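Position 85 of the sequence shown, counted from 1, bears residue number 85 in the UniProt record's numbering, the numbering being contiguous throughout. Note that beta-carbon positions come from the ideal geometry of N, C-alpha and C, so glycine has one too. This structure is a prediction, so every number in the text was calculated from the model and none was measured.
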Amino acid sequence: MTAPRHPGTLAGGSVAPAALARPSGTFAMVAADQRDSLRTMLAQRAGLPGDAVPDDRLTDFKLAVARELGPFASALLLDRDYGYHQVTAEGALPDGCAPILAVDVLDQPPGGAVHDTSLDEEADLKAAAAEGCRGLKLLVIWRRDDQRDRRVALAHRFVQLCRDAGLASVLEPVARPTPEEEAAGTFRLNDSIVEAARELAPSGPSVYKCQVPNGGRGTVAEIAAQAERIDAAVDVPWVVLSQGVSADDFPRSVEAACRAGASGFLAGRALWTNALDAPEPTAALRGPSADRLRRLADVVDTHGRPWWTAAAVKEVTA
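The structure is reproduced here in C-alpha cells:
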C-alpha cells in the first residue's frame, strides 16, 4: 500500500506524521530527551552523586546517539536543554531522520520520577521549524485524581500549538498510580493505559505514544490481547515506549503491539542503556544499539500498521 497523495492533515486538522515515518508508513523513532533521569543513570553507573555529572556529559551522549543511531531511525526526539540545538547546529542527523523537540517542562525531583509536566512556554516553535524540526512531543503524567480535566485541556492545547506551527504532534501519556492506589495495591496498569487513551487520544495528536501492556511481560499473544484494547480506544497512529520494559522484552513487546494495531515505537532506554555502561559509548551505540534498532525496524515494517491506515487518517483521505 502507498501513502495518500496529499497526506497533509489528519481528522481535526492535525499535521500528518509522514515526516516522522519510514517509507513503510511505520515508525522506528529514538528517544533521547531524558534530562535528570539520564543524569541519574550516568551518576549511578559511575558511583557518583547526580550533581557530579556535568551538563556537557548529557549533551555529548545525545550527540553520540544522534550520530550513531540517526542513520537507522525515522526520527530522533531531543530536548532543548541538552542536545537539540547542538544536534541541529552540527547537522548530525541524516535526511531520513526527523528531529522532534520535547516541549514539556518536567516536575521531577533529583533522582526521582517525573511527577507532573507543563508546556514549555519559552520554546520558539517558529525557530525550531526553521531549523528543521518536524514534530513536537509532550509528556503527560496521567492519574485517576482531580487533575484529569486539566490534563485533557493541556493535551488539546499542545495539539493546537503543533497545528498552528505546522508540526506533527506526539502526545505521550504515562499512567501512574495515585498515592491511594499505590498504598492499597489497586493500580492496574493495563486498565489505566486504556483509560488514559480514552481521555487524551481524542485531542487528535499526529502520533499517540503509550506504555506497553503488562510491562512487556508475557507472550506476544498475551501482550497483543491487551494492546487491542488500546487500539480500540485510539483512532490516530499510535506507538509504544520502552520505559519499564527490559531491553530483552522490548522486541517482543513491539511485535505484539504492532500485531494489535500499533505503527511502531518511540524508545530510548531499550536501545541505548547498554552504552551507558561502556567505556566508550560511541562503540556500543555503533554496535549493539544500532543492531537492536535495525532489528526493531524490521519488526515494525513486518507487523506495524502504516500510519495512513489509522481511522482518523482514513476519515480524511477517503
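Buried or exposed: histidine 115, going by 16 or more other Cβ atoms within 10 Å of its Cβ?
Counting every other CB atom within 10 Å of its CB across the protein chains shown gives histidine 115 a total below 16, marking it as exposed.
Looking at the secondary structure, which residues open and close the beta strand (DSSP E) in which aspartate 107 lies?
Element bounds for aspartate 107: 104-107.
Cysteine 210, DSSP secondary structure in three states
Looking at cysteine 210 - three-state DSSP - the assignment turns out to be strand.
Taking the alpha-carbon positions, what's the alanine 224 to threonine 302 distance?
Near 15 Å, if we compare the C-alpha coordinates of threonine 302 and alanine 224.
Under the criterion of a Cβ to heavy atom distance below 7 Å, does alanine 184 qualify as lining the ligand FMN?
The ligand FMN is absent from the structure shown, which contains no ligands of any kind.
Under a three-way DSSP split, which group does proline 99 fall into?
Proline 99: strand per DSSP, three-state reduction.
Entirely within the stretch 119-153 and at least 3 residues each: give me those beta strand (DSSP E) ranges in chain order.
For the stretch 119-153, whole beta strand (DSSP E) runs of length 3 or above, ordered along the chain, are 135-142.
Please return the same chain residues whose Cβ sits closer than 8 Å to the Cβ of proline 7, not counting the five positions on each side in sequence.
In this prediction, proline 7 scores a pLDDT of 47, lower than 50, which makes its location untrustworthy; the coordinate-derived value is nonetheless stated afterwards. Answer for proline 7: Ala16, Ala18, Trp308, Val313, Thr317, listed in chain order.
From Pro213, Pro288, Thr273, Arg269, residue whose alpha carbon lies closest to that of alanine 256
The candidate whose alpha carbon is nearest that of alanine 256 is Pro213.
Report back the beta-carbon spacing between leucine 76 and cysteine 97 to the nearest angstrom; my notes put them in contact at under 8 Å.
About 6 Å separates the beta carbons of leucine 76 and cysteine 97, which is inside the 8 Å limit, making them a contact pair.
Proximity of alanine 168 and glycine 215 at Cβ, strictly below 8 Å:
Judged by their CB atoms, alanine 168 and glycine 215 are not nearer to each other than the 8 Å cut-off.
Can you grab the Cα-Cα spacing for the pair phenylalanine 187 / isoleucine 141, in whole Å?
Cα atoms of phenylalanine 187 and isoleucine 141: separation of roughly 15 Å, rounded to the nearest angstrom.
Let me know if arginine 163 comes out buried or exposed under the rule of 16 or more other beta-carbons within 10 Å of its beta-carbon.
That one is buried.
What whole-angstrom Cβ distance do threonine 59 and glutamine 86 have, given they're in contact under 8 Å?
With a Cβ gap of about 6 Å, threonine 59 and glutamine 86 count as contacting.
With 16 other CB atoms within 10 Å as the buried threshold, where does alanine 232 fall?
So alanine 232 ends up on the exposed side.
Grab me the residues of leucine 10's own chain with a C-beta within less than 7 Å of its C-beta, minus the 5 sequence neighbours each way, in chain order.
Ala16, Gly204, Ser206, Val236, Ala312, Val313, Val316, listed in sequence order.
Note down, in chain order, each residue of its chain lying with its Cβ closer than 6 Å to the Cβ of threonine 40, except the 5 sequence neighbours on either side.
Non-local beta-carbon contacts of threonine 40 in its own chain, meaning distances under 6 Å to residues more than five positions away in sequence, involve Gly50, Gly111 in chain order.
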